[in-house]
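Counting in our numbering, the sequence shown runs from 772 upward without gaps.
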Amino acid sequence: MPRPVIGVTSYGWDARGRLFVPGDYLTAVRLAGGIPVVLVADGPPPEEIAARVDGVVLVGGGDVDPIHYSADPHPTVTGVDAARDAFELALVRLAIERRIPVLGICRGAQVMNVALGGDLVQHIPDRYGHGVSHAPPDGSGPRAVHAVTLVPGSKLHRIYGSDRIPVRSRHHQAVGRPAPGLAVAATADDGVVEAVEWTDPTHPFAIGVQWHPEDGIAHDALQQRLFAALVEAAGRSGA
């Protein structure tokens, strides 16, 4: 059976014309048995991509423009990329409509929620305080490590086979009101939504996680389960 082709979004181009996507995302797909293909917002349109890939990974990055969920921007909003927003929002809607497996990571989970009609918490400390470290104190360096609780009966709970797991994070925003059709699948100890999943049982796989499962993936058997589930679903849907 051919290996599933997984489209992996990118952070975009830097000032020197170099495309940036952290290699761990690509490694994670390869380790799971998929073929990663990097996607760019100024490349083929989402409709063409949806016709050619078996699955999608939406990677991390800057904040989603609050205009997409009818909100004014918080002073901390940063890294907005209008072209990337438009591309990824359209790609999510197509993935849901055409039953293409999709995994959203960090920003990617937020994109999924906004694309389907939900909104975001623009700055976690304003709503949840500082009880859990969701990012390094200075915003750089190694990602913060904390625990999340998985919702019993959720697809995510079945994938990990555990009630609580450790995760690595670096984010200041999170899912606020889940979109219609999305259910909360994991939370942090402070109540921050850490994962959502599409509830339509006819869709093979649509999960967004706020943490970074790709971080150190080559040596993290627990997080490899998530990518394995994505690629397995992509293989079934693309067969």
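For glycine and all other residues, C-beta sits at the position ideal for the given N, C-alpha and C.
By the Cβ rule, the stretch 865-878 counts as touching the stretch 974-988, because three or more pairs are nearer than 8 Å. Residue environment for residue 838: exposed (fewer than 16 other C-beta atoms within 10 angstroms of its C-beta). Cβ-Cβ separation between residue 779 and residue 797: approximately 6 Å, consistent with a contact (criterion under 8 Å). Distance from the CA atom of residue 853 to the CA atom of residue 861, rounded to whole angstroms, is 12 Å. Our two residues, residue 826 and residue 810, have alpha carbons roughly 12 Å apart in a direct line. Just measuring C-alpha positions, the residue of 815, 941, 930 and 983 sitting nearest residue 999 is 930. Residue 782 and residue 933 have their C-alpha atoms some 32 Å from each other. Bridge partners of residue 968 according to DSSP: 954 and 978.
Scanning its chain for C-beta atoms nearer than 6 Å, with the 5 sequence neighbours on each side dropped, one finds around residue 844 the residues 837, in chain order. Per DSSP, the continuous alpha helix (DSSP H) segment holding residue 928 begins and ends at 926-931.
In the displayed model, residue 847 falls within coil according to three-state DSSP, outside both helix and strand.
With a contact defined as Cβ atoms closer than 8 Å, residue 919 and residue 895 miss out at about 14 Å. In this structure the stretch 815-822 does not lie against the stretch 784-798, because fewer than three pairs of beta carbons, one per stretch, are closer than 8 Å. Taking the CA atoms as reference points, residue 944 sits about 18 Å from residue 968.
Counting C-beta atoms within 10 angstroms of its own C-beta, residue 905 has 16 or more neighbours from the protein chains shown and is therefore classed as buried. Going by beta carbons, residue 891 and residue 828 fall outside the 8 Å limit. Under the DSSP definition of a beta bridge, residue 894 lacks any partner.
If you check the CB distance, residue 803 and residue 938 do not come in under 8 Å.
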